[in-house]
Amino acid sequence: MSFSEICIYQVKPQKAEEFESLMLEAENFLRQQDGLLLLRFIKRGYHIDMEQIRDGLPPLKLTRIVKSVKYVLYWEFDTKESYGKAQQNLYGSYWKAIEKCLIAPHDKYLGEQLF
């Protein structure tokens, strides 16, 4: 049963470019973590409402930034123990630089795979 984290970052608009560069730099480091099964990094750029959903329309591109630029990091590991070690490694390397780009502490959603 795999173990996953979804991490949501709210980045200061003036730090978005720096944050993206930092995460691209960290990508190789993140991919080298023992037990890593999947890694995805997403920038929120679209929204969808109920009318679009009912009509089967594609999402609309965001046209302005309100408060922060949002990013999602998803990574999946073979075990909780591998995940814990990867977190320790991240904290010891890139974490302080990442925190400086955020408007608030990031949200973490952790759990084991159900299906």
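Residue numbers (the working numbering): 1 to 115.
Every residue, glycine too, gets a C-beta built ideally from N, C-alpha and C.
Please read these numbers as outputs of a predicted model, since none were measured by experiment.
Inset, instruction - Give the straight-line distance between the Cα atoms of S21 and E99, rounded to the nearest whole angstrom. - result: 14 Å
Legend entry - For P58 and N89, the rounded distance between their alpha carbons: 39 Å
Legend entry - Exposure label - Y9; buried when at least 16 CB within 10 Å: buried
Legend entry - Exposure of A86, with buried meaning 16 or more beta-carbon neighbours within 10 Å: buried
Legend entry - Rounded Cβ spacing between S2 and D78 (contact assumed at less than 8 Å): 6 Å
Legend entry - Boundaries of the beta strand (DSSP E) in which S4 is found, first to last residue: F3 to V11
Legend entry - Best match in P13, S4 and Y71 for proximity to R64 [C-alpha to C-alpha]: P13
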